[in-house]
Amino acid sequence: MRKEGYLRASVPIEYGGPGHGLTDLVLAQHEIGTGDGSTAVSIGMHHMVVGTEAESRRWPEELRKRIFTEIVNDGALVNNIASEPDLGSPRGGGRPSTSLTPGRHGKWVLNGRKTWSTLAPELSYAITFAAVEDGSGDIARIAQRMGSEGISIEETWNS
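Residue numbering for the sequence shown follows full-length UniProt numbering, beginning at 1 and increasing consecutively.
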């Protein structure tokens, strides 16, 4: 899929992608799913993140451009990482125990444990949900490179 350019299918034209919309992606995902359901679900998660950002434009422009460019040029993979041992998915409500704390020299410290994420060993970027511990009560989504120092994957599955 990387070699064939499918990972960039949902990247907008203005960022160098083909800009395929939801209908095109659903049809393509259906075809992939007839051959391998797990592959369709996995790559669908990547397209969900990319397509949502293409529509919502919630990320800072510099970040969006960097990630979309890496998807187009290098076949980068991205997914959300949100589920936690005690919380499950934060989509059902609740505050993540993963924390984002103000550190020294204007930097932030991200600390926590997530229980799973589709494609984790292959991801280039993880969009990580974390509680902002600065008194605001906010929950942040942090884009981080999976190869960054301090990130590890504990393989607890058998597939």
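Positions of the beta carbon are idealized from the N, C-alpha and C atoms, including for glycine. Keep in mind that this is a model prediction, so the values were computed, not measured.
query, result
"Apart from the five residues on each side of it in sequence, which residues of its chain come closer than 8 Å, Cβ to Cβ, to L7?", "M1, I43, H46, I71, G75, A76 and L77"
"Take every Cβ of the stretch 116-125, pair it with every Cβ of the stretch 99-106, and state whether three or more of those distances are shorter than 8 Å.", "no"
"Nearest CA to the CA of A112: which residue from N80, G93 and P85?", "The sequence given here has Gly at residue 112, not Ala. The candidate whose alpha carbon is nearest that of G112 is P85."
"At which residues does the beta strand (DSSP E) containing T118 begin and terminate?", "Looking at the DSSP string, T118 is not in any beta strand (DSSP E), and its letter there is neither H nor E."
"Taking the alpha carbon of M48 as the reference point, which residue from V11, M146 and G16 has its own alpha carbon closest?", "V11"
"Please go through the UniProt domain \"Acyl-CoA oxidase/dehydrogenase middle\" (82-158) and give each complete beta strand (DSSP E) segment of 3 or more residues, from N-terminal end onward.", "99-102, 108-111, 125-132 and 139-145"
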